[in-house]
Structures are given as C-alpha cells and as structure tokens.
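Going by this note's numbering, the final residue of the sequence shown carries number 790, and the count climbs one at a time with no gaps. Just so it is clear, CB atoms sit at the ideal spot from N, CA and C, and this is done for glycine as well. These numbers were taken from a predicted model, which means no experiment stands behind them.
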Amino acid sequence: MAAAKQVMPSEEPLSPFSRLFSMPGQDCFNIITLGCKTEGNAHAIVEGLKNTLINHPRFSSILETGLGEHKVKAKWIPTIVKVEDHVIVPDIDPNIENPDQFLEDYTTNMALSPMDKSKPLWEFHLLQLKTSYAGSVAVARFHHSLGDGMSLMSLLLACTRKTCDLQALPTFVVPKKSNGMHICWSLIAWFWFIVKLLFHTCVEVFKSMVIVCFVRDNATPLKDKSGATISVNKFIHRIFSLDDVKVVKNAMNMTVNDVLLGVVQAGLSRYLSERFDLNKTFKSRKILEKNNIYGVVFFNLRPNRNIEDLAKMMEKGSKSRWGNSIGYVLFPLWVRLEEDTLEYIRRAKITMDRKKLSLEPIFSFALLKFTMKVLGLKALKNLVNSIFSRTSVIFTNVVGPCEEISFFDHEISYIAASSCGVPQGLTIHMQSYVKKVIINLAVDHNVIPDPHHLCDLIIDSLNSMKSAVVERDSCKLEV
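Structure below.
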C-alpha cells in the first residue's frame, strides 16, 4: 500500500450523498450477496478482480477526508491494490447445523463492522457454505461513497458473463417503446405530457415539502420507539417466482414494479394488523385507516449505462463521471385491511404513476445538493435525518439479468442486495434474476423482532393475488 500518492483530477464525490457518506462515523454500506451453484474458488475470484474491478479508479484509490469550514473536502488518492487483502475466506465448519442462520448472522456482523479506510473501501467474503439456495456464497461490501447501489450493482454485473456464452455480457429486459404516430398527434401528445408533468411536479413536490417539514408517520410497530436510535442489525432474504409476479402483472395490465409495491403494501398491512392485536399500547387498529405511513422510494437519475460501457470502463481504466446520482420520492403507503387483495396493486399504480409523471426525484436530488452547497454539511445531515425520521420504510427494486450468468467461473444461483447505515427500521430491496425475485429485508431487530414472519406475509400476499386473478379470469371464461 506504500505507493506514491497524487490527487486524481476531478475525482471528488460529485453528489451530496457522496459528501455525506465520506464523513467520519457516517458509514453506509451496500451489501450484495451472490449465491453460487458450486463451491467457491478464491483464486479465480482474486484473478478475476485483478483484471476488472480494480481497473476502475474508484476501486484502486483511498478516500482521504478533511474537515473544511462548511463541508467535507474529500480526495481520491491512487494506490497499489493488493486484491488478496480484499478477498476474505473465513474458516467455516462444513457441517454447521443451520447454514442459513449462519449466513444471516455473518452478513449482519460484516455490515456493522467498521471498514479499514487505509485501503480502498470494498471487499469480498467467500463463504464455503451450502445454504438452501446456493452451494457457496460470496458477499460483497462496498462503501456508499464509492457510488450508489444502482451503479455498483451494474458495475459488478459487468464483471459477469452468460453461462451459455462465456464471452458475452449479461442481457437485461429492455422496456418496450411506444409505436410511432402521426406528427400532429405527436405534438398534441407532447404538449399534454408537458402540462401533466408540470401539474404533477407542483403537486408532488408540495406534498413532499409538507411531509419533510411538518408531517410525521403515526406511531406504529414500524416506528414505535420515538426518539430512539434506529439502525439495521439484521439481514434476511427469500426467493420466490418471477413468473407468479408476471401472472398478476399481465392480468392487471400493470408493471412488475406496481405488483411488487402492491405486494409489499399488502404484507405490511397484515403484519401491522397482527402487531396491533398483540400490542395493546397502541391506541387502536384504526391507525391502518388513516393512511399516514410513508415510505422512501429511490430513483436512479443517471442515464442508464450499457453493461458494455461499464465493462470497457474497467478495461481501460476510464475516469468518466462516477459516484452517487439518486433521487427519492416520498410514497404514501396504502396500509389497511382490504377484502379485495388486488386493491393494493391498484393503489400502488395510481400513486406511482403520479410520481413517475413528475420531477420529484430530480427536485429531491437538487434540494440535497443545494442544501450542501449553500448551508453546509451539518444542514444536509439534518435534512436527511428529517426525511428518514418522518418515514417508516425504504423500498428499492432493481431489474437483474434475464439469463443465467457466471462470476469468474462461478455459476450464479441468485443475487440479493441491500444497504445499511441509514436511520430506518425497515429497508425492502427487490432484485430479479432470470425467473426469480429475491426479497432482502434489512431491519432493526428491536423494531421488527420477527422479520421472517414479515417476509412470509409479503410472499403469502403475492400468492393470494395470483389466486385472485386466476379465479377472476376463470370466472370470465365461464361467462
């Protein structure tokens, strides 16, 4: 690590998130779990990383921070990377009694342990452990100052190849483009789109500012420790069928994201209902009817980079723009007991369509950046804490490869991702991979003592929705 140091030109974190995450003690990590079908080979992973990941400037540099008058001055300083120091292979008993529980505990301990900032802020842990879903597991930990979750996941996938063609990069589902129309109708449609965009932007931004400044989630089992310090201390993940999601999606003529948001709302409604019945300290279950529970949904703001471009970036050591470029929207959760389970999806679509047809994600990013530049780091930290303290859930959804891939000769069984370091009691991350959806819950165990049960309720809600649409369609056919 004793390489000559020089400041990299134009290599400062460009977003307010990067500056915030570079503060001492403000550690936030992205955790990505790769389930492998076969036993792990540490040598193959080390050699693969030498030829790919460390060629990216941010992964071969040390983050140096120093306190300025109003903000943190951060510089990325190039260094020589010894990849072997970043790939950890713990000694694990192959006959361990409960490997799934061991993986949960190991991931949690890894996420909460401090990272050595005298070297680049990333590491891989290779666990020779057979679980319910994999023959071995690789867990990657990236400091959030390296980049946001979307960019880090994309960069990691650029290190993989298709199992059917070891020279080909993964492919992803491309959204269908609308058919062309007459130029006159195109102009009318474009004008109407602008009108709706401006209207929804004004409405949604106003609502967002009211929530941040004045509104706070009602006391629920998701936020039952007012004023207490909340931190993630438990990670779990489960796998269910993407085909089941698509059955509901196609029947409802909606998107996969609409279905997943609806499933989460249904699962949370059932979970909160049960907790209210058990915990008599809350006033009544009528809280479920007030619809005053909010979630944070993150949006990727950078233009979608091609996996090919990311692969070339690592090959050539490109110093193109990198970092954190994410906005957020405040999403009112439809948390109540509905007789028609499909109502959760309809409500999710109505709300999310308004959010998508607004500039709220861009405004939120601009607000954070403005606060950082004008009012300083302390004000930014207070604003971020205000946002998270007034909400109960973080939700993210990432589309994964539609074909099976391998990671340095390791065939991948599943991909699970999450993050820790934010003052939130519950983070729900959905990740698709081929015909699977992996749900990863990051929770504060003091707030949600039974995360496995919550996960079961979310998956059961999907099964109920699938049964409902199948029954509805069969009734239509009979008529």
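In terms of DSSP beta bridges, what is residue 464 paired with? DSSP lists no partner for residue 464.
Once the 5 residues before and after residue 365 are set aside, which same chain residues still bring their CB inside 7 Å of it? 371, 392 and 394
Note down the Cα distance separating residue 400 from residue 347, rounded to an integer number of angstroms. 15 Å
Taking residue 707 as part of the alpha helix (DSSP H), name the residues at either end of that continuous run. Careful: residue 707 lies outside any alpha helix (DSSP H), inside the beta strand (DSSP E) at 704–709.
Look at the alpha carbon of residue 707 and the alpha carbon of residue 407, and state the distance between them as a whole number of angstroms. 33 Å
Bounding residues of the alpha helix (DSSP H) (the contiguous stretch that carries residue 359): 353–362
Which runs of the beta strand (DSSP E) at least 3 residues long sit entirely within the region 738–775? Give them in chain order. 747–754
Determine whether the beta carbon atoms of residue 355 and residue 437 lie at a separation below 7 Å. no
Is the region 542–552 touching the region 747–763 in the sense that three or more CB pairs, one from each, lie closer than 8 Å? yes
In the structure shown, what three-state DSSP assignment does residue 646 receive? coil
Which of the three DSSP states is assigned to residue 436 in this structure? strand
Who are the Cβ neighbours of residue 775 in its own chain at under 8 Å, not counting the five residues just before and after it? 577 and 652
Distance between residue 389 and residue 562 (C-alpha atoms, nearest Å): 53 Å
Whole-angstrom distance between residue 467 and residue 678, CA atom to CA atom: 30 Å
Own chain partners of residue 357 with C-beta closer than 7 Å, once the 5 adjacent residues on each side are dropped: 394, 395 and 398
In whole angstroms, give me the CA-to-CA distance for residue 458 and residue 682. 20 Å
Rounding to the nearest angstrom, what Cα-Cα distance links residue 500 and residue 512 in this structure? 18 Å
Residue 369 versus 419, 350, 410 and 433, residue with shortest Cα-Cα distance: 433
With three or more C-beta pairs closer than 8 Å as the rule, is the region 709–726 touching the region 440–453? yes
Rounding to the nearest angstrom, what Cα-Cα distance links residue 587 and residue 604 in this structure? 15 Å
What are the start and end residues of each continuous alpha helix (DSSP H) run of 4 or more residues lying completely inside the region 538–571, in chain order? 553–563
Quick one: measure Cβ to Cβ for residue 551 and residue 773, integer angstroms, because I've assumed they're closer than 8 Å. 7 Å
Between the Cα of residue 564 and those of 733, 660, 720 and 342, spot the shortest distance and give me the residue it belongs to. 660
For residue 701, report the span of its alpha helix (DSSP H) as first-last. Note, residue 701: premise wrong, no alpha helix (DSSP H); not H, not E.
Take residue 641 and list the residues in its own chain whose beta-carbon comes closer than 6 Å to its own, dropping the five residues that flank it on each side. 519, 522 and 605
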